[in-house]
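Q:
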Amino acid sequence: MTTVINVPPSLDDVTFEQVLEQIAQVPVDEKLLVDARHARWASPFGLTALLTLAQSRPERAAFAPPEAEDTLSYWTRAGFFKYANDLFEIVGTTPRQRPAGESDVLLEITPITKSDDVHEIVGRIQQKAQHILTRELNLDAKATMGFAMTLSEACQNIVEHAGRGGWVAVQTYKWTKRLGRRVVVIAVSDAGVGFRQSLESAPARVRSDRWDDAMALEEAVVRGVSRFRDPGRGQGLAGVRRYVGRWDGKLSVRSGTARIAIVPSWDDDVALKEGLPLFPGAQMQITIPERTVAAGR
Amino acid sequence: MINHIDLSTVLRRTVCDLYSNLVTRPTGAAVRTAIETQLAELGGRTVTVIDFSNVRLLDFSCADEVVAKLLLPYCADLPPRDAYFVFRGMSETHLDALEYVLARHQLALVLQQDDGIPVIVGAVSDVERKAWETVVELGSATCDEFADRTGAAVEDAETMLTELTRRRLMMKVDDQWIAVGAPL
């Protein structure tokens, strides 16, 4: 039996929960048809999370691509089908992959499995990021290097902790609904062990009565705790937080059944959500908004 | 002996000749190991100038591996050898990563700025910074000269200079204390 999972018309970190709520009702070994025919837009989070979803199913899920030509074209330019073709059984045909060229895709979907991938990603992003961050988002040149550092640390989280490969994508777009400004968004997603299991593997870890995905996220994201004893560990995520804070950005991390967010004043998200449908690994999203003259930062 | 290490050359030689960014922990560990190997070959008292000029990007993880883990053993009670370090060629973004890492480990280092003037970066108190700057001004100083200049008791002056030496910010040659990185 195949269960149809409907992809919402606009797929981002919030609406992806609708996908997971549907999947939560389905036995893990049941075949899925992920129906994206009516999808019109997807954030980098949505696209990388769909690939992660495919990786997390024991039986290869089927996938119905968007019907709208411009959507299909964008998902193709973003590199989605380059990997989806292997991970899903695609229903119908998809356009051939073309180079991204000049577009708002800063970094098309890229797999991360080893440290060398991080070097490659950081090298590729630098020039393009400089142009977009300074010209389109009005951030100063300092923000560009910090952006590459943030991207590097976010990707390393997969290499160091996930136990299996993941995905990264970077895109700019105008976030009309929530912000009315342009943003640049980094999405990093993996189907690995997740924060709770990673921290549980720490030697001599003392378990408390309350120990769950939410607490693991608080420890790692807020307190900089790592599974390694080395006191130098845990600095990567702390560095990401610092960068996000400096540029009035937003950081959210979902792992297992919880999601934590460092919420800026322009957003009304909640800091911690618990009891979400289970999704393996970790999904991080970093959003840096365009600087306005009034904000002065 | 003064030893010069260009980090981008070490990076290309030890990790990959296409890289110009110091990112990821394995990269940082490989670069630090190469520096330590070079130091072990030199022996004796050394001042090593570590040059970041051709490094584009330094992330937090790599700063921790290359700089913090390099300095930590030398700031312990029994350092592996009599080595001191001066850093140069650091941009504002390098420093951004580095200062955070140094604070986390309670470390400090001497940075030679583009104009050649040395400064201390990292976790130092105002009193320690002032003491170090006083020795830079003096060129070199005996404990008595330092005490005389700062108005501190001789025992307190010696404690301060010894602590700065343990932290690799000062070195003692015979009865003279010399600030690491100060023009000689």
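If you read the sequences in order, they're chains A and B. Per our numbering, the very first residue in the first sequence carries number 1; after that it's consecutive. Per our numbering, the very first residue in the second sequence carries number 1001; after that it's consecutive. Cβ coordinates follow ideal geometry from the N, Cα and C atoms, glycine included. These numbers were taken from a predicted model, which means no experiment stands behind them.
What are the residues in the segment 30-59 of chain A lying within 8 Å of chain C by C-beta distance?
A: Looking at the structure shown, chain C is missing, and the protein chains on hand are A and B.
Q: Relative to chain A, which residues along the segment 1119-1135 of chain B have a C-beta separation below 7 Å, given in chain order?
A: So nothing in the stretch comes that close.
Q: If you draw a straight line from the alpha carbon of V91(A) to that of A62(A), how long is it in whole angstroms?
A: The sequence position of residue 91(A) within the first sequence is 91, counting from 1. The sequence position of residue 62(A) within the first sequence is 62, counting from 1. Cα to Cα, V91(A) sits roughly 7 Å from A62(A).
Q: Taking the Cβ atom as the reference point for each residue, do N85(A) and T94(A) lie within a distance shorter than 8 Å?
A: As a working mapping, residue 85(A) is identified with position 85 in the first sequence. As a working mapping, residue 94(A) is identified with position 94 in the first sequence. Cβ distance < 8 Å, so N85(A) and T94(A) count as in contact.
Q: Go through the segment 1097-1143 of chain B residue by residue and report every complete run of the alpha helix (DSSP H) that reaches 4 residues or more, in order.
A: Complete alpha helix (DSSP H) runs here, min 4: 1126-1138.
Q: According to the Cβ coordinates, are W1177(B) and S1140(B) closer than 8 Å?
A: Locating residue 1177(B) in the second sequence gives position 177, counting from the first residue. Locating residue 1140(B) in the second sequence gives position 140, counting from the first residue. For W1177(B) and S1140(B), yes; Cβs fall inside 8 Å.
Q: Beta carbons nearer than 9 Å to chain A: which residues of the segment 1010-1044 of chain B have them?
A: Per Cβ criterion, the list reads V1015, C1016, L1018, Y1019, S1020, N1021, V1023, T1024, R1025, P1026 and T1027.
Q: Does the Cβ of R297(A) have 16 or more other Cβ atoms within 10 Å, making it buried, or fewer, making it exposed?
A: Reading the first sequence from its first residue, position 297 is the one you call residue 297(A). With a pLDDT of only 46 at R297(A), under the threshold of 50, the placement of this residue in the model should not be trusted; the figure read from the coordinates follows. Per the 10 Å Cβ criterion, exposed.
Q: Taking C-beta pairs closer than 8 Å, name the residues in chain B that V222(A) reaches, listed in chain order.
A: The residue given as residue 222(A) occupies position 222 in the first sequence. Simply none; closest approach about 16 Å.
Q: Taking contact to mean at least 3 C-beta pairs separated by less than 8 Å, is the segment 1103-1111 of chain B in contact with the segment 1161-1180 of chain B?
A: Short answer: they touch.
Q: Could you run through the segment 1079-1108 of chain B and flag, in chain order, every residue whose CB is less than 9 Å away from some CB of chain A?
A: From the segment 1079-1108 of chain B, only S1091, E1092, T1093, H1094, D1096, A1097, Y1100, V1101, R1104 and H1105 have a Cβ closer than 9 Å to chain A.
Q: Less than 8 Å between the C-beta atoms of W167(A) and T52(A), yes or no?
A: Translated into positions along the first sequence, residue 167(A) becomes position 167. Translated into positions along the first sequence, residue 52(A) becomes position 52. For W167(A) and T52(A), yes; Cβs fall inside 8 Å.
Q: Suppose the cutoff is 6 Å on Cβ atoms and the five residues either side in sequence are ignored; what does the same chain contact list for M1160(B) look like?
A: Within the second sequence, residue 1160(B) is the residue found at index 160, counting from 1. So the qualifying residues of the chain are A1131.
Q: Give, in chain order, every residue of the segment 148-165 of chain A whose Cβ lies closer than 8 Å to some Cβ of chain B.
A: The residues in question are A148, M149, S152, E153, Q156, V159 and E160.
Q: For the putative contact between T144(A) and Q130(A), defined by C-beta atoms under 8 Å, what is the C-beta separation to the nearest angstrom?
A: Counted from its first residue, the first sequence places residue 144(A) at position 144. Counted from its first residue, the first sequence places residue 130(A) at position 130. Going by Cβ atoms, the distance from T144(A) to Q130(A) rounds to 4 Å, so yes, they are a contact pair.
Q: Quick check on G275(A) - is its C-beta less than 8 Å from some C-beta in chain B?
A: The count along the first sequence starts at 1 and reaches residue 275(A) at position 275. Not closer than 8 Å to any Cβ of chain B, the Cβ of G275(A) fails to qualify, so no.
Q: On the DSSP bridge list, what partners appear for W41(A)?
A: The count along the first sequence starts at 1 and reaches residue 41(A) at position 41. DSSP lists S10(A) as partners of W41(A).
Q: Closest to G275(A) by C-alpha separation, out of S252(A), D209(A) and A214(A), would be which residue?
A: Counting from 1 along the first sequence, the entry for residue 275(A) is found at position 275. The shortest Cα separation from G275(A) among S252(A), D209(A) and A214(A) belongs to A214(A).
Q: Check whether chain A comes within 8 Å of L1057(B), counting only Cβ atoms and requiring the distance to be less than that.
A: Translated into the one-based positions of the second sequence, residue 1057(B) becomes position 57. Cβ-Cβ to chain A under 8 Å: yes for L1057(B).
Q: Pull out every residue of the segment 1048-1074 of chain B whose Cβ sits closer than 9 Å to any Cβ of chain A, in chain order.
A: Here the close residues are R1056, L1057, L1058, D1059, F1060, S1061, C1062, A1063, D1064, E1065, A1068, K1069 and L1072.
Q: Return the Cβ separation of T1093(B) and K142(A) in integer angstroms, given the expectation that the two are a contact with Cβ distance under 8 Å.
A: The count along the second sequence starts at 1 and reaches residue 1093(B) at position 93. The count along the first sequence starts at 1 and reaches residue 142(A) at position 142. About 6 Å; that satisfies the 8 Å criterion.
Q: Run down chain B in chain order and give the residues with a C-beta less than 7 Å from the C-beta of K142(A).
A: Translated into positions along the first sequence, residue 142(A) becomes position 142. E1092 and T1093, listed in chain order.
Q: With distance defined between alpha-carbon atoms, name the residue in Q171(A), L137(A) and A258(A) nearest to P277(A).
A: Your numbering for residue 277(A) matches position 277 in the first sequence. Comparing Cα positions, the closest option is A258(A).
Q: What does DSSP give as the partner residues of M215(A) in its beta bridges?
A: What you label residue 215(A) is simply residue 215 of the first sequence in a count that begins at 1. The partner list for M215(A) (beta bridge, DSSP) is empty, contrary to what the question assumes.
Q: Could you tell me which residues DSSP puts in a beta bridge with D35(A)?
A: Within the first sequence, residue 35(A) is the residue found at index 35, counting from 1. Its beta-bridge partners are N6(A) and A64(A).
Q: Return the chain-ordered ranges of every beta strand (DSSP E) run that is complete within the segment 75-128 of chain A and spans a minimum of 3 residues.
A: As far as the segment 75-128 of chain A is concerned, its whole beta strand (DSSP E) runs of at least 3 residues are 105-112.
Q: In angstroms with no decimal places, state the Cα-to-Cα distance between E67(A) and M284(A).
A: The residue labelled residue 67(A) in the question sits at position 67 within the first sequence. The residue labelled residue 284(A) in the question sits at position 284 within the first sequence. Taking the straight line joining both Cα atoms gives about 28 Å.
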